[in-house]
Amino acid sequence: MDIRQMIEDAVNKIKNDKDLQAKFMSDPVGALEQLTGQDLPEEKLAPVIDGIKAKLTADNIGEGLSKLGGLFGGNK
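Numbering (my numbering), first residue to last: 553 to 628.
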């Protein structure tokens with residue numbers, strides 16, 4: 553199991569599906585099991601869940617900062 557690839561695939565799917573985003577926020581293990589079709593122990597999914605949360609947060613911050621760029625004359 554390639555954890556990095558699993559994280560990237562999950563992030564792409566979660567970002568594009570509002571229902572899946574809501575499920576991931578309320579039940580990350582269930583959402584990952586739904587995405588992968590595998591029933592994995594929570595302790596094995598914990599690093600994947602942490603990676604997904606970090607990537608989603610970083611992507612959201614980056615999008616927010618790019619929108620703010622116009623306030624300071626960056627996007628004329």
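All residues carry an ideal CB built from backbone N, CA and C; glycine is no exception. Being a predicted model, the structure only gives us computed values, none of them experimental.
Burial state of residue 606, where buried means 16 or more other Cβ atoms lie within 10 Å: Working through the sequence shown from its first residue, we reach residue 606 at position 54. Exposed.
Residue 608 to residue 563 span [Cα, whole Å]: Numbered from 1 along the sequence shown, position 56 holds the residue referred to as residue 608. Numbered from 1 along the sequence shown, position 11 holds the residue referred to as residue 563. The C-alpha of residue 608 lies about 7 Å from the C-alpha of residue 563.
For residue 581 and residue 571, the rounded distance between their alpha carbons: The sequence position of residue 571 within the sequence shown is 19, counting from 1. The sequence position of residue 581 within the sequence shown is 29, counting from 1. Across the structure, residue 571 and residue 581 are spaced so that their CA atoms are roughly 15 Å apart.
Rounded C-alpha distance that separates residue 594 from residue 569: The residue labelled residue 594 in the question sits at position 42 within the sequence shown. The residue labelled residue 569 in the question sits at position 17 within the sequence shown. Counting only the Cα atoms, residue 569 lies some 23 Å from residue 594.
Chain-order list of residues whose beta-carbon lies under 8 Å from that of residue 575 (same chain, five-residue window excluded): Working through the sequence shown from its first residue, we reach residue 575 at position 23. Result list for residue 575: 582, 583, 586, in chain order.
Burial state of residue 577 (16 or more Cβ within 10 Å): Residue 577 sits at position 25 when you count from the first residue of the sequence shown. Exposed.
Residue environment, residue 592, which counts as buried when at least 16 other CB atoms sit within 10 Å: In the sequence shown, the residue the question calls residue 592 occupies position 40. Flag for residue 592 reads exposed.
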